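Colleague: Quick one: this structure, given as structure tokens, is what I'll be asking you about.
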Amino acid sequence: MADIHVEEFYKDAAIALVQLYMAFPRRTNLFVEDIAGPDEPDEFGLHSTRHMACFGALLWLAEEGLIRYVDTIRQEALDQAVLTRQAFVRLNAPAPQALVRELSTAPREPSLPASVQKDLSTYIHLLRSALKSGSSSRISLAVQSTFFNDAGLEPVH
549 MADIHVEEFY KDAAIALVQL YMAFPRRTNL FVEDIAGPDE PDEFGLHSTR
599 HMACFGALLW LAEEGLIRYV DTIRQEALDQ AVLTRQAFVR LNAPAPQALV
649 RELSTAPREP SLPASVQKDL STYIHLLRSA LKSGSSSRIS LAVQSTFFND
699 AGLEPVH
């Protein structure tokens, strides 16, 4: 089992990427509160550790070339965020069938049209399915498989 902050990172990253995919190619504001939940700054105006971890995850996604944004809105959002070409192409790519069988929550229907079967086997579908399941291990595996396997890393089961 991974540390809780790493599990939260995977979930934050998956939610952000799915939100940006749904808006693509439009630029949109990506609010931390929409990803990590409501936050009440303390008496000094400082956000919670959870809020700042999510904000940090968004900045990390940008630093790693998965998303672009114009500016930050304090520590509350990324202004005019959009997926990079690299992220968009990867999210639309077909995932290995073994991974699709393991992570997909949709029943496998051989009678579905080929175009629907193709859509159900993409990385974006795996991220959506993992988020829908609410399972931290499924979310972690989906994010690791989507973005880290090209680096020669194998997802942890």
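Per the working numbering, the very first residue in the sequence shown carries number 549; after that it's consecutive.
Think of the CB as a built atom: it goes at the ideal place given N, C-alpha and C, for glycine as much as any other residue.
Note that this is a predicted model, so its numbers are computed, not measured.
Kindly list the residues whose CB is nearer than 7 Å to the CB of residue 603, restricted to its own chain and excluding five residues on each side of it in sequence; keep chain order.
Modeller: Here the set comprises 580, 623.
Colleague: For residue 629, count neighbouring C-beta atoms within 10 Å of its own C-beta (all shown protein chains included) and say buried if the count is 16 or more, exposed if not.
Modeller: Buried is the call here.
Colleague: Quick check: the Cα distance between residue 574 and residue 619, rounded to an integer number of angstroms?
Modeller: Residue 574 and residue 619: Cα-Cα distance of roughly 16 Å.
Colleague: Select from 569, 678, 621 the residue whose C-alpha is nearest the C-alpha of residue 615.
Modeller: Looking at the Cα atoms, 569 is the closest of the given residues.
Colleague: Suppose the cutoff is 6 Å on Cβ atoms and the five residues either side in sequence are ignored; what does the same chain contact list for residue 702 look like?
Modeller: Unreliable placement is indicated for residue 702, whose pLDDT of 42 sits below 50; no coordinate value is reported for it.
Colleague: Could you have a look at residue 554 and say whether DSSP puts it in helix, strand or coil?
Modeller: It is helical.
Colleague: Is it the case that the segment 555-570 contacts the segment 580-589, given that we only count it when at least three CB pairs across the two stretches are under 8 Å?
Modeller: Yes, they touch.
Colleague: Going along the chain, which residues of its own chain have a beta-carbon closer than 7 Å to the beta-carbon of residue 613, five neighbours each way excluded?
Modeller: Closer than 7 Å at the Cβ level, and outside the excluded window around residue 613, lie 632, 634.
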